[in-house]
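Novice: Heads up, the final residue of the sequence shown is numbered 332 in the numbering used here, and it's a clean run with no missing numbers.
No residue lacks a Cβ here, since even glycine has one placed at the ideal position from N, Cα and C.
One structure, as structure tokens, below. Some questions next.
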Amino acid sequence: MKKILLLVITFSISNVYAEIWKDYEPSERQIQLTVIDVQANYLDNYLVNLKRTWVRSVEVQKELGQIVDYGVYVSDGANSPNVWLTIEYENMAAMEQTKEKYDAVNAVLAERYGDDEEELDKISKGYEEIRRMVDNQRINLSLIHISEPTRQEAI
Numbered sequence: 178m179k180k181i182l183l184l185v186i187t188f189s190i191s192n193v194y195a196e197i198w199k200d201y202e203p204s205e206r207q208i209q210l211t212v213i214d215v216q217a218n219y220l221d222n223y224l225v226n227l228k229r230t231w232v233r234s235v236e237v238q239k240e241l242g243q244i245v246d247y248g249v250y251v252s253d254g255a256n257s258p259n260v261w262l263t264i265e266y267e268n269m270a271a272m273e274q275t276k277e278k279y280d281a282v283n284a285v286l287a288e289r290y291g292d293d294e295e296e297l298d299k300i301s302k303g304y305e306e307i308r309r310m311v312d313n314q315r316i317n318l319s320l321i322h323i324s325e326p327t328r329q330e331a332i
């Protein structure tokens, strides 16, 4: 009896399919997701230094309208990976980097913080000793349409 029920469920599920633009649609917004494994006992140090480098940079990019938002996600319970960084762009075109964007961000960073380049370089190189880049993906949100009946309901 269990085998028959399993077969019925399996074949019923195979008849369900989603149709883009009717059942769901991809959002134009793009998210760059970076997955990181920081060594045990270095997470606090990593986050403090990240605030001095990456967070400052993406905060300026956000102020200049180059990105929509960013995020730093941390898992206290995960062994690996344990840090996820996101940068949200309005669309794929906004992801394109240009010299003008680069120069604008660096000008604001220099004016606002005036950090010693050697010190920032040392911080950035120190990341390689305490972290491992696990993955880097471009993802987007899929907007699911729930107002129409699903294919399964129509059967």
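Quick one: does the C-beta of GLU196 sit closer than 7 Å to a heavy atom of the ligand GTP?
Specialist: No copy of the ligand GTP appears in this structure; indeed no ligand is present at all.
Novice: To the nearest angstrom, report how far apart GLN274 and ARG233 are at their CA atoms.
Specialist: 17 Å
Novice: Look up GLU202 in the DSSP assignment and give the residues it is bridged to.
Specialist: Residue pairing for GLU202: DSSP places it in a beta bridge opposite LEU320.
Novice: What is the DSSP secondary structure of PRO248, counted as helix, strand or coil?
Specialist: In the sequence under discussion, the amino acid at residue 248 is Gly, which differs from the Pro named in the question. DSSP places GLY248 within a strand segment (E or B) once states are collapsed to three.
Novice: In terms of alpha-carbon separation, which member of LYS299, TRP198, VAL260 lies closest to ALA217?
Specialist: VAL260
Novice: How far does the beta strand (DSSP E) with TYR266 in it reach, from first residue to last?
Specialist: According to the DSSP assignment, TYR266 belongs to the beta strand (DSSP E) that extends over 260-266.
Novice: Residues in its own chain within less than 6 Å of ILE316 by CB, not counting five upstream and five downstream?
Specialist: ILE208, LEU210
Novice: Could you spell out the range, first to last residue, of the alpha helix (DSSP H) harbouring LEU224?
Specialist: Here the alpha helix (DSSP H) through LEU224 covers 220-227.
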